[in-house]
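Position in the sequence shown counted from 1, then plus 61, gives you the working numbering. Right, one structure below, let's go through it.
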Amino acid sequence: MNEQEIRKIVEKAVEKLLTNEGKNSQTGKVAIGADHGGYELKEAMREKLAAAGYTVFDMGTHSKESVDYPDYAAKVARSVQKGEADKGIMIDTAGIGSAMAANKIKGIRAALCYNEKTVLNSRLHNNANVLTLGAAYHTTDEAIKLALLWLKTPFEGGRHQRRIDKIMALEKESL
């Protein structure tokens, strides 16, 4: 399969999930957080997710005042870990540090995603339960589109489940 064929498959999957065909996708509870670098994007995304039918838990920050992203990534991740939220979204300037911090919380599979392909892979194959985004690398509309796609994309299971089981076994050894 060449790059063009893969691109067409991804485009069709995205369109299906983001249009009426994806309306039957489960909505649920989403914890969302940001540091000062992601604050404005978080605010816009929070409103769009609520309008799309999600129950949104705003884990902060609540201003542009400088804060430390690990604190908010941990709040989002712990909300998912405890089952208070089904999934979490964390936004900082680049998304990297938040992914690193969230992945220190037992049971969390945080994925930094930067396009539709990585969003689909993180859910279909890796069953990511926290999405991290870099506010400096996306327009508000792009980031919201990625978040909605991520939330609507199911985990495929099957052969991917054994890989998730191996990740969880590594976590038991290390954490």
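Ideal Cβ positions, reconstructed from N, Cα and C, are used throughout, including at glycine.
Span separating the alpha-carbon of residue i from that of residue j
| i | j | result |
| --- | --- | --- |
| V141 | K148 | 6 Å |
| G144 | A189 | 15 Å |
| E203 | M229 | 31 Å |
| Y100 | K109 | 15 Å |
| H123 | N187 | 31 Å |
| D132 | A162 | 8 Å |
| I225 | R139 | 19 Å |
| S127 | M120 | 15 Å |
| L212 | K206 | 10 Å |
| A134 | S159 | 5 Å |
| M106 | R170 | 21 Å |
| K178 | Y198 | 16 Å |
| L231 | G219 | 20 Å |
| K227 | S183 | 16 Å |
| E64 | S235 | 37 Å |
| R223 | A146 | 24 Å |
Cβ-based neighbour list, residue i, same chain, cut-off 8 Å, excluding 5 preceding and 5 following
| i | result |
| --- | --- |
| L185 | T214, P215, F216, E217 and H221 |
Selection from the options that minimises the alpha carbon distance to residue i
| i | options | result |
| --- | --- | --- |
| A155 | L181, L173 and G168 | L173 |
| V9 | A113, K167 and A112 | Within the shown structure, residues of the chain are numbered from 62 to 236, placing residue 9 beyond reach of any answer. |
| I157 | K178, I169, Y130 and L207 | Y130 |
| K22 | A146, N164 and H97 | Residue 22 is absent from the structure shown; the chain starts at 62 and stops at 236. |
| K125 | Q65, H97, S183 and S235 | H97 |
| T200 | A146, Q65 and Y175 | Y175 |
Contacting residues, own chain, Cβ-Cβ under 6 Å from residue i (five flanking each side not counted)
| i | result |
| --- | --- |
| I152 | A95, G99, L102, K103, L194 and A196 |
| T88 | G114 and Y115 |
Rounded distance between the beta-carbons of residue j and residue i, thought under 8 Å
| i | j | result |
| --- | --- | --- |
| L181 | I150 | In fact, because the Cβ distance is near 16 Å, the residues do not count as touching under 8 Å. |
Distance cut-off 6 Å: residue i Cβ against heavy atoms of the ligand MN
| i | result |
| --- | --- |
| M120 | As far as ligands go, the structure on display features none, and thus does not contain the ligand MN. |
Cutoff 7 Å; reference residue i; Cβ partners in own chain excluding five residues on either side
| i | result |
| --- | --- |
| A117 | Per the sequence shown, the amino acid found at residue 117 is Val instead of Ala. Cβ neighbours of V117 beyond the five flanking positions: V91, I93, R107, L110 and A111. |
### Task
Please go through the stretch 94 to 125 and give each complete beta strand (DSSP E) segment of 3 or more residues, from N-terminal end onward.
For the stretch 94 to 125, whole beta strand (DSSP E) runs of length 3 or above, ordered along the chain, are 116 to 119.
### Task
Please list the segments of the beta strand (DSSP E) lying wholly inside the stretch 187 to 226, counting only runs of 3 or more residues, in order along the chain.
When DSSP assignments are scanned along the stretch 187 to 226, the uninterrupted stretches of beta strand (DSSP E) that are 3 or more residues long and fall wholly within it turn out to be 191 to 195.
### Query
Going along the chain, which unbroken runs of the beta strand (DSSP E) with 3 or more residues stay wholly within the stretch 134 to 197?
Contiguous beta strand (DSSP E) elements confined to the stretch 134 to 197 occur at 148 to 153, 171 to 173 and 191 to 195, taking only those with 3 or more residues.
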